[in-house]
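Report on one structure; see the data block that follows.
Protein chains in written order, with the working numbering: chain A, 44 to 316; chain B, 5 to 538; chain C, 11 to 322.
Structure representation (structure tokens):
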């Protein structure tokens, strides 16, 4: 197979790897600790504080590095829940059809009839705030979207003659799901994985920004925007830095997902050789 | 001579824009056409015949464009014209009839408005004149209630009717030339003959010139004055219709001509049936899809089930495989009734009946190699592993006449005919007693289809396997069947040994069906139409 | 068909009210405890439970809540004891005003740019538009919001950074006040709408009947106007409605950024205060708008389908 990655996807991969690397290595490479007050409030960028300081005088760069850990970790966990659950139920609905499909699909229709953010707000208004709750709510609500995609991709494959051929041969359900359907559904699902992850990062950031996600003194990128937002009216751009970090991460992952999707559609289900 | 020509194509070359190295779809094609004459463009898929047809409208699909030569229409080279010159010519001097009329009509507008659109756009008639002309054409093309059919929407009329309306649309502006692009290919054979006759009649009456693009020599022989045979974008042979049909000079043309003449000699009846369909009825009372069908096939014999769309022939295959349960009746294998539902059948019962599909592309998992595809039934039914399995896969590849290196290929790396061969090997791997062949040659070019039929016949002799051969094509039936079942609207209308089914006296439907199959000789269409109108 | 679709929407709406009610009342966790915190005295908890009717069975609480809803009685807020319906109405009006301004800016622009992308497919305008789209769907709303604020309210103070509106404010003054949040919302939905419009129109442009029209010698304009547009209206309306739904959700964050007294900020405030009746009411209103927009999209699609308008 000839591997030629377009420039945009290469850029996306490089930036994503860098951000993940920084998050993993934060305790060793961050210049200051996350919560230590090391300067005046909202100091501008300088050689001692590369990105300046925040609303309490903490080093912004260090907080950004530690914040990356929280944001990436929670988004990744929630994506995993959403993805595993959505893929499993989506494939089950596509393969078994009948009442299983009906029940699952109607349930998902119902949850999707309420905007995700609104439903999350409603649920978070009564649940005690904790990381587990947050991850579960995010993962469960988002799994509806993965379900829809997997079901429709799975359904397109189930009607193929090669699946009928396997059924006629007498193959079991597991063979059909894992050998016939999944390998052919993988590319669109991988692209979707990237998109879901981005959605989770944005979703978590929005919740934290609204004060309903990660609670202080822990910091994620959305929470940092909230902490520093009052500086904007004085012309201090501290809030924009974590916001820009989210944007850069999101663009990078989108570039990768875009490439995977284009590759898939150009193959049209054919084998990459 | 050239001066009197309506259309004069010289050294035409068509290529894909921006491709490096250059991809030429059509090379060095020249022909000319006089007023009122019909030229048939013949070839298999990839021959460039449609592309040449469309070039006379200055049009290239996708990235195709005319990269060399001249197309002179009424003495003007249209390859030199810009968009506005082309627009002045399209729909006025040349018009186009597409293969799928159903997709080519705008679903949002009434038929009449679409039929007169080009005429009005070019200011050729007043609205009243154009409507009048459209209604005349509807009548001439044999459409029912010509006065009112125009006020319908495309989805409200049948496929055959829509194809006639599309012809009326092309004729309405009184063009000098019409390009017919496989106008009857998507139709059932009994519908095709009527449309064909209508088109022929309309061409004669209006004295329009036509380019008739098709893959079916027998069809074009009825309509064309001259024929050009194309292959891989190049001209093979050009001549009058008599010369091409009765005295072809090129090997390729001869092959195309002989392709539908293979006859399978009928085997004598065997020692009792291997598979029986007993009184099968599918549906819910009034709208039964299958009505009390009983038939059987002997070991090593081929039963062809023939019918047009909606005849219920594919439904019958689903009943035999157990994917669809009949309301009444059952299926018996070697005199023992099979469980109706596929999921209730034993592994051996499943193994004994295998299936080959029409579309080989989607009948194989694109993520598996040929070895995995053919090998799976071997492991599944016989528990073969490793070396033993590979050896058997190679044997099967040999049986289907493919080199053993193909074992490592993926379906996307195979041609259409090769794919179908691999599907045959997969069915054989199960060592079945019956194979259901569902339109297995319909999606293939005629020469490739012929090879597949020969292969199937060879394998049948070697392995004594019975075929349940489902098809709409009577030429295929003659080439493979020992016995024939004719289906029409869910009924078994005629059934028996081939010699008997194809000999008179016929029932009404079989007579129509048999006489509707185009024959490779001049004057066939006229004779049939004359005979039917008596 | 249409009656059927409306009935389905009503059914979904009913089910959504159940979900919202169940979501807030039956989830694990003691609502009263959550509201008052761990330090609350048992008497205070008991009082609150009584006040919220938590001691009655869930079904009867739901029925009385639903009964109230149908009569326009949304109950009173726990935090300040005010009538919820009253506070909601003016805020709802503010939100609709903001959303409408954003829609009026974004819809024509998105459709226009989407058509430009189709017209110049695979050429630079299309590529610029698709790159901008990819970027813009990756930007969090607050990034756009604060960036606009920093530039157009602080560095070049053309618009107020806080979008305050009050009763009796003139239309133009109101428009000036919501300029930045409306602009931010426009940017949030523009890219999506553009991309989907492009895809919808391209889908129609690739139909064989467009080729038929071109081969009749019609001008590009007539091909698009007469043949593509009648078939593209339904998908475009669908795109617009989906994005309006998206916009309604985007309003929540944007309102918080610009401290705009709308429904979104009202919801977020009371989620933080755990004021369940307010959250239920506001959440339900968002859901009603969302379902309503989807209903309009579906009905348009039904109405513009010739197969349904002119049955066989």
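Note that beta-carbon positions come from the ideal geometry of N, C-alpha and C, so glycine has one too.
The structure presented is a predicted model; accordingly, all values stated were derived computationally and were not measured.
- Within the same chain, and ignoring the five residues on either side of residue 173 of chain C in sequence, the residues whose Cβ sits closer than 6 Å to its Cβ are 187, 188, 191, 268 and 270.
- Residue-level contact by beta carbon fails for residue 143 of chain B and chain C, as no gap is shorter than 9 Å.
- Neighbours of residue 230 of chain A in chain C, taken as residues at a C-beta separation under 7 Å, are lacking, since the least C-beta distance is about 19 Å.
- When DSSP states are grouped into helix, strand and coil, residue 372 of chain B belongs to the coil group.
- Between residue 78 of chain A and residue 260 of chain A, the beta carbon gap of about 6 Å places them in contact (Cβ cut-off 8 Å).
- Of the residues assessed, residue 85 of chain A falls on the buried side of the cut-off, its CB having 16 or more other CB atoms within 10 angstroms.
- With 16 or more other CB atoms across the displayed protein chains lying within 10 angstroms of its CB, residue 502 of chain B is buried.
- Measuring C-alpha to C-alpha distances from residue 464 of chain B to each of B:136, B:307 and B:121 identifies B:307 as the nearest.
- A residue is called buried once 16 or more other Cβ atoms fall within 10 Å of its Cβ, and residue 127 of chain A, having fewer, is exposed.
- If only uninterrupted beta strand (DSSP E) runs of at least 3 residues are considered, those enclosed by the segment 22-70 of chain B are 28-37 and 42-46.
- Residue 191 of chain C: member of the alpha helix (DSSP H) spanning 189-215, first to last residue.
- Assigned with DSSP and collapsed to three states, residue 492 of chain B falls in strand.
- Residue 296 of chain A and residue 240 of chain A do touch by the CB rule: their CB atoms are close to 6 Å apart, below 8 Å.
- Remark: C-beta atoms of residue 283 of chain A and residue 31 of chain C do not approach each other more closely than 9 Å.
- In terms of Cβ geometry, residue 215 of chain C and residue 120 of chain C do not form a close pair [threshold 9 Å].
- Contact holds between the segment 211-223 of chain B and the segment 175-194 of chain B, because three or more Cβ pairs, one in each stretch, are under 8 Å apart.
- Our two residues, residue 59 of chain C and residue 193 of chain C, have alpha carbons roughly 44 Å apart in a direct line.
- Residue nearest to residue 527 of chain B within the set B:282, B:227 and B:387 is B:227 (criterion: CA-CA distance).
- Among the CB atoms of chain C, one or more fall inside 9 Å of the CB of residue 61 of chain B.
- Per the C-alpha coordinates, the member of C:307, C:136, C:196 and C:288 positioned closest to residue 169 of chain A is C:288.
- In this structure, residue 250 of chain A lies away from residue 190 of chain A, with their beta-carbon atoms at least 9 Å apart.
- Under the 8 Å Cβ criterion, the segment 492-506 of chain B counts as touching the segment 279-296 of chain B, having at least three qualifying pairs.
- Counted as a single uninterrupted DSSP element, the stretch harbouring residue 521 of chain B is not any beta strand (DSSP E), since DSSP gives it neither H nor E.
- Counting C-beta pairs with one atom in each stretch, the segment 398-413 of chain B and the segment 426-438 of chain B have three or more that are closer than 8 Å, which means they touch.
- Relative to residue 391 of chain B, the option among B:385, B:384 and B:379 whose CA is nearest is B:379.
- A Cβ-Cβ distance of about 13 Å is found for the pair residue 291 of chain C and residue 80 of chain C, leaving them out of contact under the 8 Å criterion.
- Residue environment analysis places residue 513 of chain B among the buried positions, since at least 16 neighbouring C-beta atoms fall within 10 angstroms of its C-beta.
- If one requires a minimum length of 4 residues, the alpha helix (DSSP H) runs lying completely within the segment 94-119 of chain B are 105-108, in chain order.
- Between the segment 196-214 of chain A and the segment 351-367 of chain B, the count of C-beta pairs closer than 8 Å reaches three or more; the two stretches touch.
- Residues of chain A with a Cβ closer than 7 Å to the Cβ of residue 194 of chain C do not exist; the shortest Cβ-Cβ separation is about 13 Å.
- At least 9 Å separates the beta-carbon of residue 75 of chain B from that of residue 119 of chain B.
- With fewer than 16 neighbouring CB atoms inside 10 Å of its own CB, residue 143 of chain A falls in the exposed class.
- Residue 45 of chain B and residue 26 of chain B have their C-alpha atoms some 24 Å from each other.
- Among the residues of the segment 355-388 of chain B, those with a Cβ less than 7 Å away from any Cβ of chain A are 359, 361, 363, 366, 367, 368, 369, 370, 371, 381 and 384, in the order of the chain.
- Contact annotation: residue 66 of chain B and residue 18 of chain B have beta-carbon atoms that are not nearer than 9 Å.
- Exclusion of the five residues before and after residue 96 of chain C leaves no residue of its chain whose Cβ lies closer than 7 Å to its Cβ.
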